[in-house]
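Which chain is which? The protein sequence lines are A and B, in order.
Residue -4 is where the first sequence starts when you use my numbering, and the numbers rise one by one after that.
Residue 635 is where the second sequence starts when you use my numbering, and the numbers rise one by one after that.
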Amino acid sequence: MRFLLDTEQRAFAKTLDGMLGSSDTPGTIRSWAAGDAGPGRTLWSRLAEAGVFGLAVPERHEGLGPLPVELSVAFTELGRHAVPGPLVETVAAAALLGRLGDRASAETWLPRIATGAALVSLCAPDTGSPYALDADAADAVFVVEDDTVWRAAGCGPLQRSSDPARRLSRPTGATVLVEGPTVRAATAYATDVAALTTAAQALGLGRALLDHTVAYAAQRTQFKVAIGSFQAVKHRLADVLLALEFAQPLVHSAALALASDAPSARRECAAAKVAAGEAAYAASRTALQVHGALGYTEELDLSLWIRKARALRDAWGTPAACRSLVLAP
Amino acid sequence: MDLDFSTAENTFRAEARAWLSAHVPTSRLPSLETAEGFAAHREWERTLFADQWSVVSWPEEYGGRGASLLQWLIFEEEYYAADAPGRVSQNGINLLAPTLFEHGTPEQRARVLPPMASGDVIWAQAWSEPEAGSDLARLRSTAEHTEGGWRLSGQKTWSSRAAFADRAFGLFRSDPAADKPHRGLTYVMFPLDAPGVTVRPIGRLDGKPAFAELFLDDVFVPDEDVIGEPGEGWRVAMSTAGSERGLTLRSPGRFTAAAERLARLWRDEADPADTALRDRVADAVIGARAYELFAYASVSRIAAGESIGAESSLNKVFWSELDIALHETALDLLGPYGELADDAADAPAHGGWAEGYTFSLAGPIYAGTNEIQRDIIAERLLGLPKGRR
Ligand SMILES: Cc1cc2nc3c(=O)[nH]c(=O)nc-3n(C[C@H](O)[C@H](O)[C@H](O)COP(=O)(O)OP(=O)(O)OC[C@H]3O[C@@H](n4cnc5c(N)ncnc54)[C@H](O)[C@@H]3O)c2cc1C
């Protein structure tokens, strides 16, 4: 047993971190929120070149995967830099199409997802949300309901999210792609992939929130000392580290379970989602509190991270839904 | 990255499981915090030792099996899953033994370790003093050098099971003139029945008598019972204190077994409509799994040559809070029966939750309080500035 990322996986994370760190993601996020998808699509192509989307696409469809462990590594970095767009939805759609047994849609969409040419959204009302993320910017929107997969023709009016970079709408005018019993198994797998990548994204988001807040606490002085020397501040930050440190192995083991199609995969993805979602949310609350009024301003780039945490906690399985799955017999 | 066990590890697990299922007492032993339970547990230590299961990770020459850290984790998982008795020798095994392995002489190891492994000598830890708890460096008990040894005087307190134990190890001030409080301390082993030692039992929160206060009045200890260099006691103590907080004190098996019992209890007894309780059960189950996986990651890091330092403070806070959450949730699930002591006639048959709960409440206090651990996490792991102490 070696329950640690290997050298290659760590190098992959580092490469993505470096690339995203030099990409002005705050600017990209703000453009995306304002409805200008240009910079976001440019970044999307660079992520595809680095191999991110290919990880969700089977080799026979010009991908590298499916590789859940590497996907979770990549999504931690995407979360760390709060990259906007239907990232989770695209890889979950790839997971779905890869297992549907529908050759036409797989051959049409999977290679384009792998190369970054297609940005795809996915909506699964059975998991709780009637909205598709970023449908207005997506090249295709898939909807799964019971044992039917639809492709939407368009999307309804945009509903504002509490995270300005998340653009929500209801898919409209669907055409049936596939119907039948294979849909349920493929959907279950795709929603597990969605839960896992959302959890990984939350983990990265939480780490970034913690890092920024620790740096701020060491530098901001009040009462003639750094606020980070106050025990009340220290202990809140220590709690954030604790939550993140113990969520991370859950994310890794969920990815391993998914990679081997283990019967425990569903439960493990749900556990990872609860732990990482709650940890990131706690990180955002602490980040806001420790930054004081500055943290309450939209000008501060950190607000982009703070506002995403709550949305990720609830996307692709609310904490309550995931907790039920953890205890399911 | 993988979570697969090797064939050798699986064989080891099977061997441990078979032995435990053949030897674990079928009825619960009396609490090891009582005189009667202490004796029964000492017998259990001897049973374990007889088949080389008392200290699996030690070298064979001291009664162990030379098991790897991962095998030890596996053994612990099986141990708790089998609901085997608590270990009365844990202070010695978890705290004194690592100190001897790191700082002891070969002579000390040969003399002290085998009777520790067999349960013939049970050890108590004598660190705390009435005025020196979190601020341990303020301790005032003294060790004065004399012909061929040392004379110990002063008072120690909160010493777990010292009321029944045979010997103790602790820190004493050997150089009162040293410039800093943590300088001039010496790490000493001493017998609890030596002339000059008075042991006064103190009842614990649950009324059991196993804590004790120790009064030392000119107690003679030979030179060979000092561990490390005289005056270097602080360094010796701190280099091994991590094991008290980290993995070796609280292996995950204990929490995964408790989480499994809790989940079963929830399925058998709970009202499925009580979603608030369901969420707490789920969180406890998730927490136990997280702790287990975190341990596997730590073992992997150690196997890869990394050392674990202040990270043990993460473990300490996590397991102590998880332990309370597991037990509080179980008591809530039991409703009116949660209040019953384990030996009450109507107590739930699956038992143990009441005593476990009371014991869990001490977790955030001993092995360094969680406030102190959070300071260590913030300062050493996050790099925040030192605050006032
Ligand atoms: C079940 C149990 C078993 C024990 N077994 C042993 C044993 O075998 N041998 C032994 O030597 N000792 C033992 N102890 C004692 C234990 O090590 C001490 O209780 C512990 O170090 C705390 O010291 P204290 O109780 O004096 O509390 P204090 O240090 O007085 O602390 C009281 C409170 O103040 C807080 N506090 C203190 N300083 C700070 C600070 N700088 N910042 C923030 N908060 C602070 C603490 O966190 C705590 O909440 C045991 C204790 C328990 C509960």
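Glycine included, C-beta positions come from ideal geometry on N, C-alpha and C.
Given a cut-off of 9 angstroms, decide if residue j and residue i are closer than it, judged by their beta-carbon atoms.
i, j, result
"E596(B)", "G887(B)", "What is shown of chain B runs 635 to 1023, which leaves residue 596(B) out entirely."
"A191(A)", "R75(A)", "In the sequence on display, residue 191(A) carries Leu and not Ala. Result no, Cβ atoms of L191(A) and R75(A) do not sit closer than 9 angstroms."
"G804(B)", "S775(B)", "yes"
"A959(B)", "G921(B)", "yes"
"W678(B)", "P719(B)", "yes"
"L(-1)(A)", "S100(A)", "no"
"R691(B)", "R680(B)", "A small correction: the amino acid at residue 691(B) is Ser; Arg does not occupy that position in the sequence shown. Taking 9 angstroms as the Cβ cut-off, S691(B) and R680(B) do not qualify as a contacting pair."
"E102(A)", "P120(A)", "no"
"V746(B)", "R676(B)", "no"
"E903(B)", "L965(B)", "no"
"A751(B)", "S688(B)", "yes"
"E858(B)", "K790(B)", "no"
Residue i and residue j look like a contact to me (Cβ under 8 angstroms); what is the Cβ gap, rounded to whole Å?
i, j, result
"Y930(B)", "F952(B)", "Contact doesn't hold; Cβ gap of about 14 angstroms is too wide."
"A758(B)", "A731(B)", "So it is not a contact: roughly 14 angstroms between Cβ atoms."
"A51(A)", "A6(A)", "So it is not a contact: roughly 20 angstroms between Cβ atoms."
"Y821(B)", "V853(B)", "Between V853(B) and Y821(B) the Cβ distance is about 15 angstroms, and since that is not below 8 angstroms, they are no contact."
"P166(A)", "A183(A)", "With 8 angstroms as the limit, P166(A) and A183(A) do not qualify as a contact, their Cβ atoms being about 20 angstroms apart."
In chain order, what residues of the same chain have a beta carbon less than 7 angstroms from the beta carbon of residue i, not counting five sequence neighbours either side?
i, result
"D129(A)", "G80, P81, S116, R162"
"G272(A)", "A194, A197, L307, R308, P314"
"A799(B)", "I756, W757, A758, L826"
"V78(A)", "L15, T20, L38"
"P864(B)", "S808, T820"
"H816(B)", "A771, W868"
"G986(B)", "D976"
"L974(B)", "D980, A981, A988"
"S873(B)", "E736"
Just to confirm my understanding: we take residue i, look at its own chain, exclude 5 residues before and 5 after, and list those with CB closer than 8 angstroms. What are they?
i, result
"A811(B)", "G818"
"F889(B)", "G921, A922, Y925, E926, W953, L956, D957, L960"
"I301(A)", "L204, S279, A282, L283, G290"
"R94(A)", "T177, A180, A181, Y184, A185"
"A252(A)", "S259, A260, E263, C264"
"D12(A)", "E72, R75, H76"
"F735(B)", "R743"
For residue i, write down the residues that DSSP places opposite it in a beta bridge.
i, result
"M823(B)", "F803(B)"
"H779(B)", "W784(B)"
"F952(B)", "Note: F952(B) sits in no beta bridge, so no partner."
"I861(B)", "Y821(B)"
"W757(B)", "R801(B)"
"Q217(A)", "V220(A)"
"F889(B)", "None; F889(B) has no bridge partner."
"K268(A)", "BP columns for K268(A) are empty, so no partner."
"R155(A)", "R162(A)"
"I836(B)", "F845(B)"
"P34(A)", "None, per the DSSP bridge assignment."
"V855(B)", "W784(B)"
"P53(A)", "G60(A)"
"S794(B)", "F845(B)"
"Q789(B)", "F849(B)"
"E741(B)", "Looking at the DSSP assignment, E741(B) forms no beta bridge with any residue, so it has no partner."
"W145(A)", "V138(A), V171(A)"
Give every residue of the same chain whose Cβ lies closer than 6 angstroms to the Cβ of residue i, excluding the five residues on either side of it in the sequence, and list them in chain order.
i, result
"I222(A)", "A212, R215, V228"
"R231(A)", "T281"
"A249(A)", "L191, E263, C264, A267"
"W784(B)", "A777, V855"
"G862(B)", "H737, Y821, V870"
"L245(A)", "A266, A267, A270"
"L704(B)", "V933"
"Q1007(B)", "S947, K950, V951"
"T208(A)", "A282, V285"
"A310(A)", "T193"
"G990(B)", "H961"
"L91(A)", "A181, A185"
Note down, in chain order, all residues in the segment 897 to 924 of chain B with a beta-carbon under 8 angstroms from any beta-carbon belonging to chain A.
A897, W900, R901, T909, R912, D913, V915, A916, D917, V919, I920, G921, R923, A924
Interface residues of the segment 936 to 955 of chain B facing chain A [CB-CB below 8 angstroms]
A937, A938, L948, V951, F952
For the segment 205 to 237 of chain A, list every residue whose C-beta sits within 7 angstroms of some C-beta in chain B, in sequence order.
V209, A212, A213, A221, G223, S224, F225, Q226, K229, H230, L232, A233, L236, L237
Where the segment 254 to 276 of chain A meets chain B: residues whose CB sits under 7 angstroms from a CB there:
The segment 254 to 276 of chain A vs chain B, Cβ under 7 angstroms: A266, V269, A270.
Counting only Cβ-Cβ distances shorter than 7 angstroms, please list the residues of the segment 668 to 683 of chain B near chain A, keeping chain order.
none
Under 8 angstroms (Cβ pairs) to chain B, residues found in the segment 56 to 80 of chain A
V64
Taking any Cβ of chain B, which residues in the segment 309 to 323 of chain A have a Cβ under 9 angstroms from it, in chain order?
Cβ contacts with chain B come from P314, A315, C317, R318, S319, L320, V321, L322.
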